[in-house]
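**Student:** Got a structure here, written out as structure tokens. Questions coming.
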Amino acid sequence: MPMRQFRPPMVRMQHLDRLLRNSRYPNCSAVARYFDVSPRSIRSDIRYMKDMLGAPIVYDSRRRGFAYEGAWQFLPEVLLDPMEAEALMATKKVISGYHGTPCHDEVSRALDKVLQYLPGACADRSESDIHSFGRFSDPLVSIACFTSIEDSLRQQTKMRIIYDDSSRSGAATQSTIHPYRLHFSQVLTSWYLVAWCELSQEVRTFAVSRISEAVPLDEVFSLQEGFPLGRYLSGAFEDVREPQLVKVSLRFSPHHSQWIRERKWHSSQELEDHEDGSLTLSMEIPSLEAVMRWVMRYGGEAEVVAPEELRNRVKEEIVRMGMLYL
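As structure tokens, this is what we get:
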């Protein structure tokens, strides 16, 4: 039965290799019918295997087909077991949620190049049939800015950026930065740039969606000596970082304690169970602002135990929210 779907030459050559190795004496017409291509295409494949790959292929006129006249090792087949194939197809579905974002097209094309080599039944399924993933509400990122940042990272050169710094200064600011790392936050589904900022004289995390202009400069820089980039990235809470670590304790109701227990919220977390089924989560985190926003998602199911400063911030926010509904 013809294989009526696109198959690149490498797949046809892999098929030829299997037939030759099993002494099936394939001929151009039969293989062409199988792939629904012209015999000329199969002749070109065989010629390529002989001339470029050194395959010892000869034509056996008595058997009216081709054969190997000696031992030969073909290139390893790009074949996956069913679970591996399913995982790759699920990955393809995951990244479809990032359509229009940086890296989407490149990763999608790379996956397609691997998926096209899947054998048989696996190849006939364009997507995983057992997984589904929601669309991510990621902020819009300028592809031009993103590409410029990548270029500066590769060349390790400084950049001049214009950044919407409304949270700090209330306006857009221009500054020269030393880009350290592009980091995608799975928590916030956003791209961030970790960089040394010459204006503020500190390492900062910039939301890439708020960079309106990014111009690579010719000046090369060196990473700040002794700066623990890995620890900087892993120590954040909700991908927000401030210089000072603060220990916080949060008590969750019995209704929500199981949900809190099931996840790893921070590398420093400690859990304490209580007789009534409630649970206290303690962490050393670098941002009271971030943890305040996070704990308020749980409404009356969560209470800030410590520090007092965080309790007061939550109280003030609750009062402010209450005023909106009076």
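The numbering of the sequence shown is UniProt numbering, which starts it at 1 and goes up by one.
Idealized CB from N, CA, C, for every residue including glycine.
For S287, count neighbouring C-beta atoms within 10 Å of its own C-beta (all shown protein chains included) and say buried if the count is 16 or more, exposed if not.
**Tutor:** buried
**Student:** Can you give, in chain order, each stretch of the alpha helix (DSSP H) that sits fully within the segment 37-86 and has at least 4 residues?
**Tutor:** For the alpha helix (DSSP H) assignment, the uninterrupted runs of no fewer than 4 residues enclosed by the segment 37-86 are, from N- to C-terminal side, 39-51.
**Student:** Thinking C-alpha only, which one of S282, S222, G277 and D276 is nearest S267?
**Tutor:** S282
**Student:** Would you call the CB atoms of L233 and H183 closer than 7 Å?
**Tutor:** Yes, Cβ-Cβ distance for L233 and H183 is below 7 Å.
**Student:** Which residues mark the beginning and the end of the alpha helix (DSSP H) in which R154 is found?
**Tutor:** I143 to Q155
**Student:** Less than 6 Å between C-beta atoms, sequence neighbours within five positions excluded: which residues of the same chain meet that for F221?
**Tutor:** Cβ neighbours of F221 beyond the five flanking positions: K158 and H178.
**Student:** Let me know if V304 comes out buried or exposed under the rule of 16 or more other beta-carbons within 10 Å of its beta-carbon.
**Tutor:** buried
**Student:** Considering L223, what are the terminal residues of the alpha helix (DSSP H) in which it resides?
**Tutor:** L223 -> no alpha helix (DSSP H), and no H or E assigned at all.
**Student:** Could you compute how far the alpha carbon of R43 sits from the alpha carbon of I57?
**Tutor:** Computed Cα separation, rounded: 12 Å.
**Student:** Between P39 and the rest of its own chain, which residues show a CB-CB distance below 7 Å, the 5 nearest in sequence each way excluded?
**Tutor:** Excluding positions up to five away in sequence, the list reads C28, S29 and A32.
**Student:** Below 7 Å between beta carbons: does that hold for S253 and E301?
**Tutor:** Between S253 and E301, the CB-CB gap stays under 7 Å.
**Student:** Give me the Cα-Cα distance between V11 and F66, rounded to the nearest whole angstrom.
**Tutor:** 18 Å
**Student:** Per DSSP, what are the beta-bridge partners of L182 in this structure?
**Tutor:** Its beta-bridge partners are L193.
**Student:** What is the residue span of the beta strand (DSSP E) that A302 lies within?
**Tutor:** For A302, the uninterrupted beta strand (DSSP E) run begins and ends at A302 to A306, by DSSP.
**Student:** Would V215 and T205 qualify as a contact pair, given that the criterion is a beta-carbon distance under 7 Å?
**Tutor:** no
**Student:** Quick one: using the 10 Å Cβ neighbour count with 16 as the cut-off for buried, is P82 buried or exposed?
**Tutor:** exposed
**Student:** Please state the DSSP three-state secondary structure of T91.
**Tutor:** helix
**Student:** Between R63 and the rest of its own chain, which residues show a CB-CB distance below 6 Å, the 5 nearest in sequence each way excluded?
**Tutor:** Y25
**Student:** Would you tell me roughly how many angstroms separate the C-alpha atoms of Y98 and L140, rounded to the nearest one?
**Tutor:** If you take the alpha carbons of Y98 and L140, they lie about 11 Å apart.
**Student:** Report the rounded CA-to-CA distance for K50 versus L111, giving the unit in angstroms.
**Tutor:** 29 Å
**Student:** Looking at W196 and V208, is the spacing between their C-beta atoms short of 7 Å?
**Tutor:** no
**Student:** Compare the beta carbon distance of V319 and M292 with 7 Å and say whether it is the shorter of the two.
**Tutor:** no
**Student:** Considering only their Cβ atoms, is the gap separating H255 from Y298 smaller than 7 Å?
**Tutor:** no
**Student:** Among all the DSSP beta bridges, which residues are the ones paired with V203?
**Tutor:** W196
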